[in-house]
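Participant:
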Amino acid sequence: MTVKDFLSLLPHTVLLVWASLLLLVDLFIPKNKKAITAMLAGSGLLITFILVLRQWGGQSLAYHQMVVVDNFAVFLNGLFALTGIVSILIAYDYLNRMSIQKGEYYVLLLFSVSGMMLMASAADLIMVFLALELLSIPLYILSALAIPRSESAEAALKYFILGAFAAGFVLYGTALIFGATQNTALVEIVAKINAGGLDTGLLIVGAGLLLVGFSFKVAAVPFHMWTPDVYQGAPSPVTGFMSIGAKAAGFAALIRVFTLALPSFSAVIAPLFAVMAALTMIVGNVAAVSQSNIKRMLAYSSIAHAGYILMALVPYANPAAAANATASALMYLVVYGLTSLGAWAVISAVEKVDGGDLGVHDYSGLGKRHPWLAAAMTVFMLSFTGVPPLIGFWGKFFLFRTAIEGGYVLLAIIGLLTSLISAWYYLRVIVMMYFRDGEVEASKAITINVAAVGLAVLVLLIGLLPTGLFNLALQALANGMG
Amino acid sequence: MNTIPMSYFLVLSAIMFSLGAIGVITRRNPLVIFMSLELMFNAANLTFVAFSNAFGNANGQIFVFFVMVVAAAEVAVGLALIVAIFRARGSIDIDLMSSMKN
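Protein sequences appear in the order of chains A and B. First residue of the first sequence: 383, per the numbering used here; consecutive thereafter. First residue of the second sequence: 975, per the numbering used here; consecutive thereafter.
1. How should ASN576 (chain A) be labelled, buried or exposed, when 16 other C-beta atoms within 10 angstroms of its C-beta is the threshold for buried?
2. Helix, strand or coil: which one does DSSP assign to ASN1033 (chain B)?
3. Hey, ALA1032 (chain B) and SER987 (chain B): beta-carbon distance below 7 Å or not?
4. Compare the C-alpha of LEU527 (chain A) against each of B:ALA1058, B:ARG1063, B:PHE1022 and B:SER1072 and name the closest.
5. Determine whether the beta carbon atoms of VAL560 (chain A) and PHE1025 (chain B) lie at a separation below 7 Å.
6. Interface residues of chain B around PHE596 (chain A) at Cβ under 8 Å?
7. Any Cβ of chain A within less than 7 Å of the Cβ of GLU1048 (chain B)?
8. Distance, Cα to Cα, LEU593 (chain A) vs ALA631 (chain A)?
9. In this structure, does DSSP put ASN675 (chain A) in helix, strand or coil?
10. Could you tell me whether any Cβ in chain A is nearer than 7 Å to the Cβ of SER1073 (chain B)?
11. Taking contact to mean at least 3 C-beta pairs separated by less than 8 Å, is the stretch 418-437 of chain A in contact with the stretch 685-695 of chain A?
12. With a CB to CB cut of under 7 Å and the five nearest residues on each side skipped, what residues in its chain are close to LEU392 (chain A)?
13. Taking the alpha-carbon of PRO604 (chain A) as reference, which of A:ALA502, A:ALA659 and A:PHE431 has the nearest alpha-carbon?
14. Is DSSP giving SER481 (chain A) helix, strand or coil here?
15. Determine whether the beta carbon atoms of LYS540 (chain A) and ASP611 (chain A) lie at a separation below 7 Å.
16. Do ALA833 (chain A) and ILE472 (chain A) have their beta-carbon atoms positioned less than 7 Å apart in this structure?
17. In chain B, what lies closer than 9 Å to ASP744 (chain A) by C-beta?
18. Is the stretch 577-597 of chain A touching the stretch 487-496 of chain A in the sense that three or more CB pairs, one from each, lie closer than 8 Å?
19. If you draw a straight line from the C-alpha of GLY1064 (chain B) to the C-alpha of TYR690 (chain A), how long is it?
20. So for GLY864 (chain A), helix, strand or coil by DSSP?
21. Among residues of its own chain, excluding the 5 on either side of ALA995 (chain B), which ones have a beta-carbon nearer than 7 Å to its beta-carbon?
22. Residues in the same chain with beta-carbon distance under 7 Å from LEU1011 (chain B), minus the five sequence neighbours each way, listed in chain order, please.
23. Measure from the C-beta of PHE1039 (chain B) to each C-beta in chain A and report whether the shortest distance is under 7 Å.
24. Go through its chain and collect everything with a Cβ distance to ALA705 (chain A)'s Cβ below 8 Å, but skip five positions before and after it.
25. Taking ALA694 (chain A) as part of the alpha helix (DSSP H), name the residues at either end of that continuous run.
26. Quick one, which of A:LEU740, A:TYR790, A:LEU723 and A:ASP736 has its alpha-carbon nearest SER765 (chain A)'s?
27. Please report how far the alpha carbon of ALA785 (chain A) lies from the alpha carbon of MET499 (chain A), in whole angstroms.
28. Any C-beta of chain B sitting closer than 7 Å to the C-beta of PRO617 (chain A)?
29. If you draw a straight line from the C-alpha of ILE978 (chain B) to the C-alpha of VAL456 (chain A), how long is it?
30. To the nearest whole angstrom, what separates the beta carbons of ALA463 (chain A) and PHE431 (chain A), a pair I think is in contact under 8 Å?
31. Can you name the residues that DSSP bridges to ASP506 (chain A)?
32. What is the residue span of the alpha helix (DSSP H) that ALA711 (chain A) lies within?
33. Exposed or buried, what is ASP1067 (chain B) when buried is set at 16 or more other beta-carbons lying within 10 Å of its beta-carbon?
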């Protein structure tokens, strides 16, 4: 291990060490002062975020080609660290009100964030597998945090079984690719494939198994069945965190492995991506229409948004379109992350101890009683729908544009039509909040309200400067390992 | 040493993986599902070791150690979940886990 190796994984190492120490320190923090644990965890993530940013512009492989530092990793790692910080803001008040305030929440969150960061930096299939498990195992426990509430127990067990199932596919796929190329490092695999003379049968089956495993993680149809139950049953801040964290990590692996290491299979894989994207958009949006529980509705919405992002992966082997397409996928991850975290913040603020006030009709009267929260929720719902000038619109705009550039006009049309369908269930929330009377009460805690309103402001502001974000995403791909 | 052909290992591990996957989908007892998950992981392990042996490099065998550690950590969490669920509701039958259907 050289100094260069160590420096390239410095943010990850700091976060892991910080989390392990916090686990010990938390033992000495009394039960009614868990705010200290939350703040310590938040500052750990902040330090990590700063360390991550300092790596921008560098490009190196480290630890025997196991990990890579490039702008792509930095971009996503920054997103993961910020997601963690906002999730802590959302969770602190929620856990207090539900009387499940536990120091472990923050520690497990840090472990999961470090897993996501490793996933974005992984340059070896074995690292991808290890990072996948490091991000997933804490999430299983976090989903179970509200036990003995039966929904939480159910969500945790379902998430665990299907998560491990997906990991099995990833692992077996890795084993077969190892068999075909004698290697698991992505750069070596690329070199072997370019040299030719390999057993392509093994390679394609391996790549297919990897695709199945990652599709579970990003909740793409037909591997989405677990999503509604898990999103509904897990505690709301945890759902918010996994809705963006786990999804973005899954896409990080998909993009890294398929656009980078396996572009030579595009003839086989690209049509698969196209069919999956179309099905995911249709199934997610259509199923969301009939949901009356807001958590379940947003779960289907999250499936639908995975479909939009998958659309960007379809033209991945066409060099003319690939850069723009992947950049718009990265941009959409940020767009979806901001909007989704904000929506889950509002849901966490409104939810009651007994799990009440989770129906869409329970939001009646929120506009009068909590104007700030309602205004924020309005911004998030409009951004989800894709109303200009919010970032949701620009995210979809760039995605649809690249789909058309890549020659997949039909996909763009499906995306447009399903967005119209989605307006029905997103706008219903707004109608409930402003045009129905109700007695809804939400949390008045500062942290959660600041998180919700702050995210809404971000959604508005970035919506005014969308090209800045897109250019940042383009730069993130400029110095990829190739 | 290398008297057993490579294809034997591959076919065996493919069968193990398929049995595991089918078990996860069809079985109703979480403990049996966990066993099926282990079967899937070990199918991958067998593939790794077999290829590693055929190539004459140790990489694949080292990966198996990683996988075993991860699988142990995963099962520890899974069993803890089952215990917590059993305490909370007195049963771990998967069929009873459908309180959230609309």
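Note that beta-carbon positions come from the ideal geometry of N, C-alpha and C, so glycine has one too.
Facilitator: Looking at the atomic coordinates:
1. Classification for ASN576 (chain A): exposed.
2. helix
3. no
4. B:ALA1058
5. With the sequence shown as reference, residue 560 (chain A) is identified as Phe, and Val is not the correct amino acid for it. Yes, Cβ-Cβ distance for PHE560 (chain A) and PHE1025 (chain B) is below 7 Å.
6. In chain order: nothing, as chain B lies at least about 16 Å away.
7. yes
8. 14 Å
9. strand
10. yes
11. These segments do not touch.
12. LEU433
13. A:ALA659
14. If DSSP states are grouped into helix, strand and coil, SER481 (chain A) belongs with coil.
15. yes
16. yes
17. Per Cβ cutoff of 9 Å: no residues; ASP744 (chain A) is ~15 Å from chain B at best.
18. no
19. 42 Å
20. Low per-residue confidence applies at GLY864 (chain A): pLDDT is 43, beneath 50, and the placement is therefore not dependable enough to give any value.
21. MET1014
22. GLY994 and VAL998
23. no
24. LEU856 and LEU859
25. Element bounds for ALA694 (chain A): n/a, residue is neither H nor E.
26. A:LEU723
27. 28 Å
28. Among the CB atoms of chain B, none fall inside 7 Å of the CB of PRO617 (chain A).
29. 47 Å
30. Sure, about 4 Å apart at Cβ, within 8 Å.
31. Under DSSP, ASP506 (chain A) takes part in a beta bridge, and its partners are A:ALA567.
32. 701-732
33. exposed
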